[in-house]
Amino acid sequence: MNDGMQIKEIQISSNALYDVPDILNSLGIKYCVLIVCDKNTYKAAGSLLRDILIDKNFDVLLCMLNREGNLVPDERAVGEVLTSLENKVEMMIAVGSGTINDIVKFVSSKTKIPYGIVATAPSMDGYASSVSPLIVNGFKRTYDATYPLFIVGDTKVLKDAPYDMITSGFGDIIGKFTSLSDWYISSIITKEDYSKEIAEDTRKSLNECIEASKNLKSKDEKAIKKLMGALILSGLSMLKFGNSRPASGAEHHLSHFIEMKELSNGEIRHSHGAKVGIMTKISVKLYNTVFSLDKDEVKKMMTERKYETREEFECRIRENFGPMSDEVFKDIDHYYINEKLRKARQERILKNWDTMKNWVSENVPSSDYVDELLNYVEAPSDISYLGLQKSDLKNILLNAKEMRKRYTILRLAEDIDIDRILDLAIKN
Ligand SMILES: NC(=O)C1=CN([C@@H]2O[C@H](COP(=O)(O)OP(=O)(O)OC[C@H]3O[C@@H](n4cnc5c(N)ncnc54)[C@H](OP(=O)(O)O)[C@@H]3O)[C@@H](O)[C@H]2O)C=CC1
Ligand SMILES: O=C(CO)COP(=O)(O)O
Numbered sequence: 001m002n003d004g005m006q007i008k009e010i011q012i013s014s015n016a017l018y019d020v021p022d023i024l025n026s027l028g029i030k031y032c033v034l035i036v037c038d039k040n041t042y043k044a045a046g047s048l049l050r051d052i053l054i055d056k057n058f059d060v061l062l063c064m065l066n067r068e069g070n071l072v073p074d075e076r077a078v079g080e081v082l083t084s085l086e087n088k089v090e091m092m093i094a095v096g097s098g099t100i101n102d103i104v105k106f107v108s109s110k111t112k113i114p115y116g117i118v119a120t121a122p123s124m125d126g127y128a129s130s131v132s133p134l135i136v137n138g139f140k141r142t143y144d145a146t147y148p149l150f151i152v153g154d155t156k157v158l159k160d161a162p163y164d165m166i167t168s169g170f171g172d173i174i175g176k177f178t179s180l181s182d183w184y185i186s187s188i189i190t191k192e193d194y195s196k197e198i199a200e201d202t203r204k205s206l207n208e209c210i211e212a213s214k215n216l217k218s219k220d221e222k223a224i225k226k227l228m229g230a231l232i233l234s235g236l237s238m239l240k241f242g243n244s245r246p247a248s249g250a251e252h253h254l255s256h257f258i259e260m261k262e263l264s265n266g267e268i269r270h271s272h273g274a275k276v277g278i279m280t281k282i283s284v285k286l287y288n289t290v291f292s293l294d295k296d297e298v299k300k301m302m303t304e305r306k307y308e309t310r311e312e313f314e315c316r317i318r319e320n321f322g323p324m325s326d327e328v329f330k331d332i333d334h335y336y337i338n339e340k341l342r343k344a345r346q347e348r349i350l351k352n353w354d355t356m357k358n359w360v361s362e363n364v365p366s367s368d369y370v371d372e373l374l375n376y377v378e379a380p381s382d383i384s385y386l387g388l389q390k391s392d393l394k395n396i397l398l399n400a401k402e403m404r405k406r407y408t409i410l411r412l413a414e415d416i417d418i419d420r421i422l423d424l425a426i427k428n
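Using the working numbering, read the sequence shown as starting at 1 and increasing by one per residue.
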């Protein structure tokens, strides 16, 4: 854990772009920077930032990550930034949102050249974090990376971002309903490290985001500032904890699984936060289904659950992950646990059932409430937006848990009886 104080400057205000030269000077950066952007973010803020810096006598190099379709945070993008670096570059400035931030964050961590971010959309909570989810060999994996030395969000730029990027930021934060719950249940069942203080900060970010929702539709600058503040606070919680645990649970694993499928099938890549928002509704439904059971019902289900053999497991992974199966098999001993370990986990679940049930009843809302929140800001709330049908859901829920090692509601369902729980949740 760290105190998150390494980020030297966070400036979210109208015309904040004009503060960048002074921020650079205060960090001892005086001569040469590399701006990394794409054609949209260059138009949104990169071009003006470049002029502002040249006007203050900075030598400004430009790395434009242009693509025919969506820019993907992959090996090619990382390579392009690396090859744009010259010895004279003192700092990289990422101008963009999640994808560009992650690419530069990763390069910064490898080259030790510091970076700052000029955000162009309040679309996700990774500006302050020190992790970088990248697509490597087609598999979405989160790498340890680094934090930016400064975050600048000019609210005039942020409010002009496409509205679906604004609702995307909202969806990413709504996901904290379940990421926080997954973290809590894991702390009980797997004894994973848990920080009440960091969880409370993340919860605060969730409350601020809900507060901001009242005036998001009108793109009110104050509401955009509040949403951006909530996104940064959530990122700081990840930075303090040292990984994305507070902010990413089953809803994110489901989103990552769908994204990987979108990319491998050449389908439209829906935004991260849109997927997270929709999948939060599903994860909340799972919580409500699982914790509507009493201890005796759980015990009965545990004894009746169908055991998946290692062969069946491997076959399921091959069918669903295709060429990316090897990425799952690398960690197979984590994903495919023996029945002795399962039994120990089941015992802890039963022992702590009532405590967890109480906690969930106080902290996890109904899926109707999540639906209302998403609908209110006109964020997508239904799987049909992602081109999915109810009949696709079971497969996605069964397999997304193998995206990450983390213990989530999906793994709790697996420990009880995933087949029956998914059927119950999908039916409701
Ligand atoms: N590091 C972390 O902790 C976190 C990382 N993430 C990651 O972030 C990524 C998603 O980021 P997200 O921000 O949603 O999407 P992207 O960064 O992929 O943004 C989509 C596209 O929107 C365009 N765009 C951005 N700002 C503007 C603007 N002001 N005006 C017009 N167009 C604009 C860009 O141009 P163009 O269309 O030309 O590409 C951009 O590529 C995911 O990969 C996710 O995993 C998410 C949360 C946390
Ligand atoms: O998207 C994130 C938090 O919103 C980062 O989480 P991951 O580690 O799951 O990529």
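Built from N, CA and C at the ideal position, the CB exists for glycine as well.
Practice task
Give a yes or no on whether the C-beta atoms belonging to A250 and S205 are separated by under 7 Å.
Solution key: Here residue 250 is taken as the residue at index 250 of the sequence shown, counted from 1. Here residue 205 is taken as the residue at index 205 of the sequence shown, counted from 1. With respect to S205, A250 sits apart: the two C-beta atoms are not nearer than 7 Å.
Problem - C-alpha gap between I100 and G229, whole angstroms - result: As a first step, residue 100 is located in the sequence shown; it is residue number 100 there, counting from the start. As a first step, residue 229 is located in the sequence shown; it is residue number 229 there, counting from the start. Computed Cα separation, rounded: 19 Å.
Practice task
May I have a chain-ordered list of the alpha helix (DSSP H) segments no shorter than 4 residues that lie completely inside the segment 358-390?
Solution key: Runs of the alpha helix (DSSP H) inside the segment 358-390: 367-376.
Exercise for the section: Find the nearest neighbour of D172 within the set P246, E192, V136, K191, judged by alpha-carbon distance. Expected result: Within the sequence shown, residue 172 is the residue found at index 172, counting from 1. Comparing Cα-Cα distances from D172 to each of P246, E192, V136, K191, the minimum goes to P246.
Practice task
Compare the C-alpha of K217 against each of L374, G242, K394 and name the closest.
Solution key: For this step, residue 217 is matched to residue 217 along the sequence shown. For the residues L374, G242, K394, the minimum Cα distance to K217 belongs to L374.
Handout entry: Option nearest L398 by Cα separation, candidates D423, D382, V20
Key = Numbered from 1 along the sequence shown, position 398 holds the residue referred to as residue 398. Of the listed residues, the one whose Cα sits closest to L398 is D423.
Handout entry: Test item: CB-CB of T120 and A223 under 7 Å
Key = Here residue 120 refers to the residue found at position 120 when the sequence shown is read from its first residue. Here residue 223 refers to the residue found at position 223 when the sequence shown is read from its first residue. Going by C-beta atoms, T120 is not nearer than 7 Å to A223.
Handout entry: G229 - DSSP class collapsed to helix/strand/coil
Key = Numbered from 1 along the sequence shown, position 229 holds the residue referred to as residue 229. DSSP places G229 in helix when its eight states are reduced to three.
Practice task
Determine the direct distance from the alpha carbon of D382 to that of L134, and round the result to whole angstroms.
Solution key: Reading the sequence shown from its first residue, position 134 is the one you call residue 134. Reading the sequence shown from its first residue, position 382 is the one you call residue 382. C-alpha separation (whole angstroms): 26 Å.
Handout entry: Coil, strand or helix - T41 by DSSP
Key = Taking the first residue of the sequence shown as position 1, residue 41 is located at position 41. Three-state result, T41: helix.
Practice task
Check whether the segment 311-328 touches the segment 358-370, counting contact only when three or more Cβ pairs, one atom from each stretch, lie closer than 8 Å.
Solution key: Because the criterion of three Cβ pairs below 8 Å is not met, the segment 311-328 and the segment 358-370 do not touch.
Problem - Closest Cα partner of Y31 within the set E86, D38, S13 - result: Working through the sequence shown from its first residue, we reach residue 31 at position 31. Scanning E86, D38, S13 for the CA closest to the CA of Y31 turns up E86.
Handout entry: Contacting residues, own chain, Cβ-Cβ under 8 Å from L65 (five flanking each side not counted)
Key = Mapped onto the sequence shown, residue 65 falls at position 65. The beta carbon of L65 lies closer than 8 Å to those of V36, C37, D38, L71, A77, E80, V81, I100, I103 in the same chain, with the five residues before and after it left out.
Exercise for the section: Verify the contact flag: S13, CB atom, against every heavy atom of ligand 2, threshold strictly below 6 Å. Expected result: The residue labelled residue 13 in the question sits at position 13 within the sequence shown. For S13, the distance from the CB to the nearest heavy atom of ligand 2 is not below 6 Å.
Handout entry: Contacts around D415, its chain only, beta-carbon distance under 7 Å, and the 5 residues preceding and following it disregarded
Key = Working through the sequence shown from its first residue, we reach residue 415 at position 415. Cβ neighbours of D415 beyond the five flanking positions: R342, R345, Q346, I349.
Practice task
List the whole-angstrom C-beta distance separating Y385 from I278, where the pair is believed to meet the contact cut-off of C-beta under 8 Å.
Solution key: If you number the sequence shown from 1, residue 385 lands on position 385. If you number the sequence shown from 1, residue 278 lands on position 278. About 7 Å; that satisfies the 8 Å criterion.
Problem - Beta-carbon gap between S109 and Y115 smaller than 7 Å - result: As a first step, residue 109 is located in the sequence shown; it is residue number 109 there, counting from the start. As a first step, residue 115 is located in the sequence shown; it is residue number 115 there, counting from the start. One thing to note: S109 has its Cβ no nearer than 7 Å to the Cβ of Y115.
Problem - G242 vs I12 beta-carbon contact at 7 Å - result: Mapped onto the sequence shown, residue 242 falls at position 242. Mapped onto the sequence shown, residue 12 falls at position 12. No, they are not a contact pair.
Practice task
Give me the Cβ distance between E9 and I29, rounded to the nearest whole Å; I'm assuming they're in contact under 8 Å.
Solution key: Stepping through the sequence shown from its first residue, residue 9 is reached at position 9. Stepping through the sequence shown from its first residue, residue 29 is reached at position 29. With a Cβ gap of about 12 Å, E9 and I29 do not count as contacting.
Handout entry: Check whether V157 and T142 have beta carbons under 7 Å apart
Key = Against the sequence shown, residue 157 aligns to sequence position 157. Against the sequence shown, residue 142 aligns to sequence position 142. No, these two residues do not count as a Cβ contact at 7 Å.
Practice task
Could you tell me if D55 is buried or exposed, where buried requires 16 or more neighbouring beta carbons within 10 angstroms of its beta carbon?
Solution key: Translated into the one-based positions of the sequence shown, residue 55 becomes position 55. The residue in question, D55, is exposed, as its Cβ has fewer than 16 Cβ neighbours within 10 Å.
Problem - Cβ-Cβ distance between T190 and Y407 below 7 Å - result: As a first step, residue 190 is located in the sequence shown; it is residue number 190 there, counting from the start. As a first step, residue 407 is located in the sequence shown; it is residue number 407 there, counting from the start. Yes; because the gap between Cβ atoms is below 7 Å, this pair is in contact.
Problem - Burial state of P162, where buried means 16 or more other Cβ atoms lie within 10 Å - result: Position 162 of the sequence shown, counted from the start, is the residue given in the question as residue 162. Answer is exposed; the Cβ neighbour count stays below 16.
Handout entry: Of the residues C315, K427, K159, L227, the one placed nearest S14, counting alpha carbons only
Key = By 1-based counting over the sequence shown, the position of residue 14 is 14. The shortest C-alpha separation from S14 is found at K159.
Practice task
Classify F58 as helix, strand or coil using the three-state DSSP reduction.
Solution key: If you number the sequence shown from 1, residue 58 lands on position 58. Residue state for F58 is assigned as coil, using DSSP reduced to three classes.
Exercise for the section: Note down the Cα distance separating L27 from I337, rounded to an integer number of angstroms. Expected result: Stepping through the sequence shown from its first residue, residue 27 is reached at position 27. Stepping through the sequence shown from its first residue, residue 337 is reached at position 337. L27 and I337: Cα-Cα distance of roughly 49 Å.
Exercise for the section: Compare the C-alpha of I113 against each of G126, I93, T202 and name the closest. Expected result: Taking the sequence shown and counting its residues from 1, the one referred to as residue 113 is at position 113. For the residues G126, I93, T202, the minimum Cα distance to I113 belongs to I93.
Practice task
My understanding is that M91 touches S123, with C-beta atoms under 8 Å, so please give their C-beta distance in whole angstroms.
Solution key: Counting from 1 along the sequence shown, the entry for residue 91 is found at position 91. Counting from 1 along the sequence shown, the entry for residue 123 is found at position 123. In fact, because the Cβ distance is near 23 Å, the residues do not count as touching under 8 Å.
Handout entry: L286 vs I409 beta-carbon contact at 7 Å
Key = What you label residue 286 is simply residue 286 of the sequence shown in a count that begins at 1. What you label residue 409 is simply residue 409 of the sequence shown in a count that begins at 1. Against a cut-off of 7 Å, the Cβ pair of I409 and L286 comes out as a contact.
Exercise for the section: Below 7 Å CB to CB, which residues in the same chain sit around E221 once its five sequence neighbours on both sides are set aside? Expected result: Numbered from 1 along the sequence shown, position 221 holds the residue referred to as residue 221. Within the same chain, S14, T155, K159 come within 7 Å of E221 by CB-CB distance, once the 5 residues on both sides are set aside.
Problem - Cβ-based burial, S361 [other Cβ within 10 Å; buried from 16] - result: By one-based count along the sequence shown, residue 361 stands at place 361. It counts as exposed.
Exercise for the section: May I ask you to report which of helix, strand or coil DSSP gives S109? Expected result: If you number the sequence shown from 1, residue 109 lands on position 109. Reduced to three states, the DSSP call for S109 is helix.
Exercise for the section: Evaluate H334 with the Cβ neighbour count: other Cβ atoms within 10 Å of its Cβ, from every protein chain shown; 16 or more gives buried, anything less gives exposed. Expected result: The residue given as residue 334 occupies position 334 in the sequence shown. It counts as exposed.
Handout entry: K88 versus D59 - alpha carbon distance
Key = On the sequence shown, position 88 is the one that residue 88 refers to. On the sequence shown, position 59 is the one that residue 59 refers to. Each residue's Cα considered, the two are about 9 Å apart.
Problem - Endpoints, beta strand (DSSP E) assigned at A119 - result: Here residue 119 refers to the residue found at position 119 of the sequence shown. Run containing A119: 115-119, per the beta strand (DSSP E) assignment.
Exercise for the section: Taking all protein chains shown into account, decide if T146 is buried (16 or more other Cβ within 10 angstroms of its Cβ) or exposed. Expected result: As a first step, residue 146 is located in the sequence shown; it is residue number 146 there, counting from the start. Buried, since its Cβ has 16 or more Cβ neighbours within 10 Å.
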